[in-house]
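Remarks on the structure that follows.
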């Protein structure tokens with residue numbers, strides 16, 4: 001079955017030619033540089049987890065949290081106050097030195113540059129390779145683009161004919177539902193072919209059963225097409241507009257999907273209820289969820305939301321890995337529209353990807369849904385060679401408001417002022433106690449600290465240091481020159 005799914009002589013030959021051209025011109029594929037350990041160490045993971053949790057609490061709770069941390073050192077300690085201020089600078093410095101948040105949502109061309117990339121790269125196009133790159137541009141826009149537009153136009157016409165024929169001629173039955181799902185898979189294959197998609201599927205193919213859910217890393221909206229090409233999954237996700245929204249409406253007419261508005265809290269609760277009901281029905285197709293909640297550049301994998309991990313269902317991880325030497329499939333909706341994204345893919349040489357169906361995972365005894373989500377995410381990262389970071393996808397879609405930052409600054413200032421006032425009160429009380437002790441002829445802690453130094457001076461005579469007599473030794477130490485017998 002896998003050999004049939006992966007069999008495509010024309011596309012395989014095309015990919016072989018592209019690889020051969022790259023090796024002839026540039027030599028063997030350069031080895032990717034070793035990724036920075038700073039992004040993977042435990043202190044970075046702890047810092048990201050702390051920042052994520054602090055963003056979700058209110059100003060009063062955050063102020064109380066900072067105050068509780070401060071009480072770990074004695075009140076009034078100047079070092080403690082410096083540590084509290086320095087922690088803010090430390091977070092800022094670490095964010096600038098290893099900005100894994102921005103890196104996860106940035107599209108960076110692979111090194112070294114080659115003529116198969118769409119962009120010129122940060123260093124520009126080498127003059128020696130400019131003619132080759134210009135020929136590549138002509139081939140992509142004047143040869144490949146018309147062919148691929150023809151493929152999607154033909155595929156759309158064929159799908160419409162099949163779809164309406166099934167809808168109008170066949171009465172409601174299991175056969176009709178099956179044929180409609182197969183037509184959706186056919187249309188997804190047409191879209192994948194329109195941007196030169198060469199997809200290889202590995203592992204056991206999904207099948208229908210109750211209490212199962214599939215989760216995958218998310219790079220682009222075309223992930224749904226890539227997965228639907230192989231199996232008629234149901235999807236849950238953000239409601240889109242434009243062409244993407246029209247495709248979502250079309251998918252709803254074929255089988256059950258869940259589209260919701262992330263900005264509406266009520267929609268999220270309803271979506272969670274619908275997701276649970278869908279997974280419990282063995283007649284439904286398996287639901288595929290992208291727990292990251294947003295598109296990431298296929299180099300990183302951000303925090304998985306726990307919503308689909310607390311349903312009590314068996315979780316099947318799916319790892320999707322794209323090869324960026326032929327195209328960059330990352331979709332950043334803040335920079336380009338979905339139509340422009342599809343045009344970029346159609347004018348690339350090819351979209352090459354590997355899809356891995358991994359063994360199922362279940363919630364372990366004593367394991368929370370958050371820990372379960374992190375464990376599944378780690379499996380996907382290891383298989384797809386992704387960098388595992390714990391940033392919340394909320395930070396990509398929403399900018400931190402100035403009002404929020406002002407509240408946090410005010411809360412920190414209130415804590416520091418309160419700490420400094422405690423320091424002043426403590427210092428005043430200590431000075432009063434010392435004055436009273438000296439007035440009554442008692443030794444103060446400062447006098448006791450100076451006492452050993454006075455004793456030490458008595459033992460220094462004529463520049464020579466003489467040890468004190470040890471009462472526990474058999475004989476005492478003496479020196480005739482010092483007059484001590």
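In UniProt numbering, the protein residues as written are 1 to 485. Every residue gets a Cβ at the ideal spot worked out from N, C-alpha and C, and that includes glycine.
- Between residue 219 and residue 302, the C-beta gap is not smaller than 8 Å, which leaves the two residues out of contact.
- Spatial neighbours of residue 363 in its own chain (CB-CB distance under 6 Å, excluding positions within 5 residues in sequence) are listed in chain order as 372.
- Membership of residue 133 in the alpha helix (DSSP H) is indicated by the continuous run 130–139.
- Every unbroken stretch of the beta strand (DSSP E) spanning 3 or more residues and falling wholly within the UniProt domain "Phospholipid/glycerol acyltransferase" (212–323) is given here in chain order: 212–216, 234–238, 258–260, 287–289, 314–323.
- With respect to residue 226, residue 315 sits apart: the two C-beta atoms are not nearer than 8 Å.
- In the structure shown, the three-state DSSP call for residue 155 is helix.
- Burial is judged here by how many other beta carbons sit within 10 angstroms of a residue's own beta carbon; residue 374 has at least 16 and is buried.
- The beta carbons of residue 254 and residue 180 sit closer together than 8 Å.
- In this structure, residue 106 sits away from residue 328, with a CB-CB distance that is not shorter than 8 Å.
- Residue 128 has its alpha-carbon roughly 44 Å from the corresponding atom of residue 241.
- Counting along the chain, the unbroken beta strand (DSSP E) around residue 201 starts and ends at 197–202.
- Non-local beta-carbon contacts of residue 185 in its own chain, meaning distances under 7 Å to residues more than five positions away in sequence, involve 228, 229, 232 in chain order.
- Beta bridge pairing from DSSP links residue 331 with no other residue.
- Taking one beta carbon from each stretch, the segment 183–203 and the segment 266–275 have fewer than 3 pairs nearer than 8 Å; the two do not touch.
- A buried status is given to residue 248, since no fewer than 16 other beta-carbon atoms sit within 10 Å of its beta-carbon.
- The DSSP-derived three-state label of residue 9 is helix.
- Counting other Cβ atoms within 10 Å of its Cβ, residue 149 stays below 16 and is therefore classed as exposed.
- In the DSSP assignment, the residues bridged to residue 353 are 199, 322.
- The C-beta distance from residue 205 to residue 282 rounds to 17 Å, too long to fall under 8 Å, and the pair is not in contact.
- Between the segment 340–351 and the segment 135–145 there are three or more C-beta pairs closer than 8 Å, enough to call the two in contact.
- Within the same chain, Cβ atoms closer than 6 Å to the Cβ of residue 140 are found at 347, the five residues on either side in sequence being excluded.
- The three-state reading of DSSP puts residue 361 in strand, counting E and B together.
- Residue 312 is classed as exposed because its beta carbon has fewer than 16 other beta carbons within 10 Å across all chains shown.
- Beta-bridge annotation (DSSP): residue 388 is paired with 301.
- By the criterion of a C-beta distance shorter than 8 Å, residue 183 is surrounded in its chain by 159, 162, 163, 166, 254, once the five residues flanking it on both sides are discounted.
- Shown here, residue 177 sits in a helix according to DSSP, grouped into three states.
- Contact between residue 217 and residue 386 holds: their C-beta atoms lie close to 7 Å from each other, under 8 Å.
- Considering only 138, 236, 132, 250, the residue with the shortest C-alpha distance to residue 277 is 236.
- Residue 393 sits close to residue 294, with the two beta carbons spaced by under 8 Å.
- Non-local C-beta neighbours of residue 259 in its own chain, meaning closer than 7 Å and more than five positions away in sequence, comprise 237, 239, 248, ordered along the chain.
- Collapsing the DSSP output to three states places residue 102 in a helix.
- Annotation: the continuous alpha helix (DSSP H) that includes residue 343 extends over 338–346.
- Exposed is the label assigned to residue 211, since fewer than 16 other Cβ atoms lie within 10 Å of its Cβ.
- The three-state secondary structure of residue 380, taken from DSSP, is helix.
- Under the three-state reduction of DSSP, residue 150 is assigned to helix.
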